[in-house]
Amino acid sequence: MDIPYTVERREDTGLYNAKLGVWLFLASEVMLFGALFSSYILLRVGAPDGTWPRHWLDYKLGAVNTIVLIISSVTNVVAWANLKLGDFKKYRSYQAITIVCAFTFLGIKSNEYWGKFHHYTITTKAGRIADGHLQKAETTADKVVIDGHWVADASELMDPKPNETEQKIEIERKDIAEMKNYGPARNNFTGLYFTMTGLHVLHIIGGIIVIIAFWGPLSGMWKTEPERYTNRVEVAGLFWSFVDLVWLFIFPCFYLL
Amino acid sequence: MSAVAHPEHPSAGHGHEHHDHHELNFLQKYVFSTDHKVVGLQYAVTALLFLFFGFSLMLMMRWQLANPGSPIPVVGKLLSQVLGEDMASKAGVMSPDLYNSFGAMHGTIMVFLAIVPLLTGAFGNFVMPLQIGAPDMAFPRLNMMSYQFYFCGGVIMLASFFIPGGAAKSGWTSYSPLATIAGMGHVPNGQTFWLLGMIFLITSSLLGSVNIITTIIQLRAKGLTWMRLPFFVWAQFVTAFLLLLAFPPLEAAGCLQLMDNAFGTSFFLPSGLQVSGQPLHVAGGGSPLLWQHLFWFLAHPEVYVLILPGMGIVAEVIANNTRKPLWGYRSLVYAAMLLGFMSFVVWAHHMYLTGMGIRIAAFFQTTTMMISIPSVIILTALLISLWGGSMRFNTQMLFAVGFLPMFGIGGLTGLPLGFNASDIQLHDSYYVIGHFHYVVAPGTIFAIFAGIYHWYPKATGRFMNEFWGKVHFALSMLFINVVFMPMFIQGLAGMSRRMYDGGATYAEMPGVEGLSPFVLGLNKVISIGAFSLAVAQIPFIINFFWSIRHGRKVESDNPWDATTLEWQTPTPPGHGNFDKPIAVYRGPYEYGVPNHGTDFIPQNDPVTPEHLTHGHPIHG
Amino acid sequence: MNQASEKDLQDVKRHVRQHLIIAVGLALGTLFTLWTSQTNFGSHSLNIAITLCVAAAQAFMVAGFFMHLLSEKKMIYCFLVFTAVFFVVMMAITVFAHMDTNVVHYQQ
Chain U
1 MDIPYTVERR EDTGLYNAKL GVWLFLASEV MLFGALFSSY ILLRVGAPDG
51 TWPRHWLDYK LGAVNTIVLI ISSVTNVVAW ANLKLGDFKK YRSYQAITIV
101 CAFTFLGIKS NEYWGKFHHY TITTKAGRIA DGHLQKAETT ADKVVIDGHW
151 VADASELMDP KPNETEQKIE IERKDIAEMK NYGPARNNFT GLYFTMTGLH
201 VLHIIGGIIV IIAFWGPLSG MWKTEPERYT NRVEVAGLFW SFVDLVWLFI
251 FPCFYLL
Chain B
258 MSAVAHPEHP SAGHGHEHHD HHELNFLQKY VFSTDHKVVG LQYAVTALLF
308 LFFGFSLMLM MRWQLANPGS PIPVVGKLLS QVLGEDMASK AGVMSPDLYN
358 SFGAMHGTIM VFLAIVPLLT GAFGNFVMPL QIGAPDMAFP RLNMMSYQFY
408 FCGGVIMLAS FFIPGGAAKS GWTSYSPLAT IAGMGHVPNG QTFWLLGMIF
458 LITSSLLGSV NIITTIIQLR AKGLTWMRLP FFVWAQFVTA FLLLLAFPPL
508 EAAGCLQLMD NAFGTSFFLP SGLQVSGQPL HVAGGGSPLL WQHLFWFLAH
558 PEVYVLILPG MGIVAEVIAN NTRKPLWGYR SLVYAAMLLG FMSFVVWAHH
608 MYLTGMGIRI AAFFQTTTMM ISIPSVIILT ALLISLWGGS MRFNTQMLFA
658 VGFLPMFGIG GLTGLPLGFN ASDIQLHDSY YVIGHFHYVV APGTIFAIFA
708 GIYHWYPKAT GRFMNEFWGK VHFALSMLFI NVVFMPMFIQ GLAGMSRRMY
758 DGGATYAEMP GVEGLSPFVL GLNKVISIGA FSLAVAQIPF IINFFWSIRH
808 GRKVESDNPW DATTLEWQTP TPPGHGNFDK PIAVYRGPYE YGVPNHGTDF
858 IPQNDPVTPE HLTHGHPIHG
Chain Y
878 MNQASEKDLQ DVKRHVRQHL IIAVGLALGT LFTLWTSQTN FGSHSLNIAI
928 TLCVAAAQAF MVAGFFMHLL SEKKMIYCFL VFTAVFFVVM MAITVFAHMD
978 TNVVHYQQ
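Residue numbers (my numbering), protein chains in the order written: chain U, 1 to 257; chain B, 258 to 877; chain Y, 878 to 985.
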């Protein structure tokens, strides 16, 4: 016996199996990201004054990424709509835009991550604090060169002024008491930022791999079983929209508030 | 099944790989099978092996508790050779670290690698599609993948014993900051492996629960309305929702703790921590309580995952062997749903001693008291179902009936733990261990045994030996009580859990109140009980394997004269399960039918005697 | 291949237009939150409230239209709405539990 309702919809639910399956999966994803958001809230609310940083992320880049994902979400849905109409070519063009948007997002994200890992706060043995981006070309075994500024007090780092003039600062390695970057271990803000956006990136990668697979190597199914193919595209699209939805919450929580 | 044809694509696969058009090789048939029955059996065998392994860990721990500091016979020296001398001394004495590892892994393995995979992966996969008249699960390949993830998770967990530093040793609850600090000497360490293993196991669970829920909603046979489902299917349905919604927060917490362990974050590490007199170099500002909230948010629904399918099995066996319908079917169904829902709002009763405020503690105490209501409804309905029955005491019925008072004891002993006042005395004591083991060990495991004896003929075409089954029951029943009953006494006397020397350090001394020799002496009694319980399983293990080839053959597809659909298939069921699409005409427990010839009517039998009012013809 | 009727064509075109409008709405919402984050309203909590409301509205639009949740059977989206509400209640309980405690995580 064949498994029923893989393509046609069951009357009382109005769904085919994969659609119900993906919505159930998305419900579990809501709980996953929800748990992380609630951890964010608890840790932030519980943080004593002055220990939770603000303005550590470039909101302009974040906004661009948000718009990019919105565009990818709508082109994804329009691509599916065209598939329902039977227009395979239009589906491919719109879906191609979705894929380009996804890679744009990943590119911008990688750039942001790279920036964080190369942004250092150096405390000298004398107690002075410098903060800036590592200049790899000029840094040697003896000295570290950063493009940044000196800070009078560590608390200034928690909410940096927006238009600080950057200058080249050279510090001998033997004078360095502590050198830490803005990676996950810096504090709970960066820890949560990397964990949550990292998990989100993994979902973007997973989603786009599936979308590319259907767009490219597995597109042969359009000729043999078009309805089933359309359903698969729809299900992948639901996941993709969800990933966009999560970003719509990540962006304000980390970049704006 | 759907009567809708597929006019445009008569030759297409209809969304399902039909493997009976070509021969499958060994790997496709037995290792990477997508058939729910094969996957179910894979889960069963793997999970039973883990059950045995977890049991063995406990046996070694019980030796240590009864005879602290003395070498473990037979395996002690082997432990030392394999795991290193910091784990077990050359003479074979278990170190405190090893005891803690065994304790943490016993809990983890039993809960996540043995019981849940048996209940949902084995019984759920094998029996449920048959009981709803489906040809397979909704997503057969997903099913296969969920087993593969489970297997990988299990391998990772086992591997953790052999890496430097040994397996995780911070309890199955893996509380921070201990969970992060305990493994700091080694990278990677057992705790990291534990977290990775959990991520695999949680993924397996999620895939499985999506499959189970979709299958039950979408693939029920024609005429099988919700209120005609066997209670076992309802139990699997609610359980799958618990797994679906409760596991992700633990996955999130696991990611966060993994970040703490491996990447130096401090989500759960507060500021100012000192380890061995030195301040810990982390950013701090984290919250150990956050881990507890996230962990128990899963772990409480998890315990209902551990009991509900067991209740489902017991319900099936009782209905079948009393030859009458279950009492209060609707109450059972609504109670199961209420139990599932309420299980999400009681978690902090595991955290009464963390300094929670009075209001929030009162909230959780109230919900905890309330959740005992659906539990009692289910137990009472099952108990009343026995009244007036024409009892048939085969092995599965013995286990099912034995389940009832055992679960009763387990549930009742939970009440003092649910009240936060009495919990002050009992928290983290042996009383807790007694309580939860009563629910899971003579509770769920007895239900699992009942299920094995009951469905073995359907899976293999042969009966297990009845005599040895009864021996297995009698000895298990006796010794399991010898093991767990004394723990209540120890707990009430104040004996803490997780003490590697069995509390010897806190023995009574002249002028000092401590653990009396009687209480400490119970350790020996319990350990003897445990070893005897181990011996009592030998007839079962032999019976299980011997009967595959030499058991008495079944004479019909329905040897127990049961009403539910799984008994309407060939034995064992072939690919696709049912020869032809099946339709259901009546409820699941039409037993004790008067003037019918036989004393039962299977669900798919269209015959409607005039004086029967509750069977009616197909409606869509 | 699928032979779409004229009515289907119009239907889908209408939906596509709807999606584009929603997309523009989402983008505007994002820009709005950018503007509010740069503007001082007196209390930071107000900022948080406004931003989260906009984010929730955006989520509703993505779920309702892009994921066409609103065109599914009522029971389906009612269940999801229930899950969302339930989840918010869970978070509220946890935050309340945290606030109702005397434990200090941070040593001064």
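C-beta atoms are modelled at their ideal positions from N, C-alpha and C, and glycine is treated no differently.
Could you confirm whether any beta carbon from chain B is found closer than 8 angstroms to the beta carbon of residue i?
i                         : result
methionine 967 of chain Y : yes
alanine 185 of chain U    : yes
aspartate 261 of chain U  : Because chain U in this structure spans residues 1 to 257, residue 261 of chain U falls outside the shown range and cannot be described.
serine 93 of chain U      : no
isoleucine 129 of chain U : no
Which one of the options has the shortest CA to CA distance from residue i?
i                            : options                                   : result
glycine 62 of chain U        : U:Trp80, U:Leu43, U:Leu106 and U:Asp147   : U:Leu106
isoleucine 329 of chain B    : B:Leu306, B:Leu355 and B:Thr496           : B:Leu355
threonine 139 of chain U     : U:His200, U:Trp215, U:Ile171 and U:Lys89  : U:Ile171
isoleucine 953 of chain Y    : U:Leu24, U:Lys60 and U:Arg44              : U:Leu24
aspartate 758 of chain B     : B:Lys781, B:Ile737, B:Val769 and B:Val740 : B:Lys781
leucine 655 of chain B       : B:Gly726, B:Ala592, B:Val331 and B:His692 : B:Gly726
isoleucine 389 of chain B    : B:Gln825, B:Gln321 and B:Glu847           : B:Gln825
methionine 883 of chain B    : B:Arg587, B:Phe418, B:Leu596 and B:Val574 : This structure leaves residue 883 of chain B out entirely; chain B is present only between 258 and 877.
isoleucine 783 of chain B    : B:Asn800, B:Phe741, B:Thr291 and B:Ala791 : B:Phe741
phenylalanine 289 of chain B : B:Ile795, B:Met402, B:Ser642 and B:Pro374 : B:Met402
leucine 32 of chain U        : B:Arg477, B:Leu399 and B:Phe552           : B:Phe552
Does the beta carbon of residue i sit closer than 8 angstroms to a beta carbon anywhere in chain Y?
i                        : result
alanine 63 of chain U    : yes
aspartate 244 of chain U : yes
glycine 877 of chain B   : Any reading at glycine 877 of chain B needs caution, since the residue's pLDDT is 35, under 50, leaving its predicted position unreliable; the model's value is listed next. With 8 angstroms as the cut-off, glycine 877 of chain B does not count as an interface residue toward chain Y.
valine 144 of chain U    : no
Please name the residue or residues paired with residue i in a DSSP beta bridge.
i                      : result
alanine 424 of chain B : B:Gly447
leucine 772 of chain B : B:Ala764
glycine 148 of chain U : U:Gly132 and U:Gln167
serine 686 of chain B  : B:Ser753
Using a cut-off of 7 angstroms between C-beta atoms, extract the partners of residue i located in chain B.
i                            : result
phenylalanine 973 of chain Y : Ile617
threonine 123 of chain U     : Those within 7 angstroms of threonine 123 of chain U in chain B number zero; the least Cβ separation is about 13 angstroms.
arginine 10 of chain U       : Gln475
Note down, in chain order, every chain Y residue with its Cβ under 8 angstroms from the Cβ of residue i.
i                            : result
phenylalanine 601 of chain B : Phe963 and Met967
alanine 27 of chain U        : Leu957 and Thr960
methionine 31 of chain U     : Phe964
Less than 8 angstroms between the CB atoms is what I'm expecting for residue i and residue j, so what's the real figure, rounded?
i                            : j                            : result
threonine 303 of chain B     : glutamine 493 of chain B     : At roughly 19 angstroms, the Cβ-Cβ gap does not stay under 8 angstroms, so threonine 303 of chain B and glutamine 493 of chain B are not in contact.
phenylalanine 963 of chain Y : valine 931 of chain Y        : About 23 angstroms separates the two Cβ atoms, so there is no contact after all.
tyrosine 182 of chain U      : tryptophan 56 of chain U     : 7 angstroms
glycine 665 of chain B       : histidine 692 of chain B     : Contact flag wrong, Cβ pair sits at about 12 angstroms.
glycine 849 of chain B       : lysine 581 of chain B        : 4 angstroms
isoleucine 208 of chain U    : alanine 47 of chain U        : That belief does not hold up - the Cβ atoms of isoleucine 208 of chain U and alanine 47 of chain U are roughly 35 angstroms apart, past 8 angstroms.
asparagine 188 of chain U    : phenylalanine 524 of chain B : 6 angstroms
For a contact meaning CB atoms closer than 9 angstroms, what does residue i contact in chain B?
i                     : result
leucine 20 of chain U : Ala395, Val467, Ile470, Thr471, Ile474 and Gln475
Check whether the Cβ of residue i sits closer than 7 angstroms to any heavy atom of the ligand HEM, and report yes or no.
i                       : result
cysteine 101 of chain U : Within the structure as shown, the ligand HEM is missing, as the structure has no ligands at all.
List the residues of chain U whose Cβ lies closer than 8 angstroms to the Cβ of residue i, in chain order.
i                         : result
threonine 449 of chain B  : Under the 8 angstroms cutoff, chain U gives no residues; its nearest Cβ is about 15 angstroms from threonine 449 of chain B.
serine 544 of chain B     : Leu42, Leu43 and Gly46
asparagine 949 of chain Y : It is worth fixing the name first, because residue 949 of chain Y is glutamate in this sequence and not asparagine. Here the neighbours are Gly14 and Leu15.
Kindly say whether residue i, judged by its beta-carbon, lies nearer than 8 angstroms to any beta-carbon of chain U.
i                            : result
histidine 271 of chain B     : Per-residue confidence for histidine 271 of chain B stands at a pLDDT of 38, beneath the threshold of 50, marking its modelled position as unreliable; no derived number is given.
leucine 897 of chain Y       : yes
cysteine 512 of chain B      : yes
methionine 455 of chain B    : no
asparagine 924 of chain Y    : yes
phenylalanine 943 of chain Y : yes
alanine 540 of chain B       : yes
glutamate 508 of chain B     : yes
Quick one: list the residues of chain U neighbouring residue i, beta-carbon separation under 9 angstroms, in chain order.
i                     : result
serine 914 of chain Y : Tyr59, Pro252, Tyr255, Leu256 and Leu257
In chain U, which residues lie less than 7 angstroms from residue i when you measure between Cβ atoms?
i                      : result
leucine 903 of chain Y : Ile70
In chain Y, which residues lie with their C-beta within 7 angstroms of the C-beta of residue i?
i                       : result
glycine 191 of chain U  : Within chain Y, no residue comes near glycine 191 of chain U; the closest Cβ sits about 15 angstroms away, beyond 7 angstroms.
threonine 66 of chain U : Thr907
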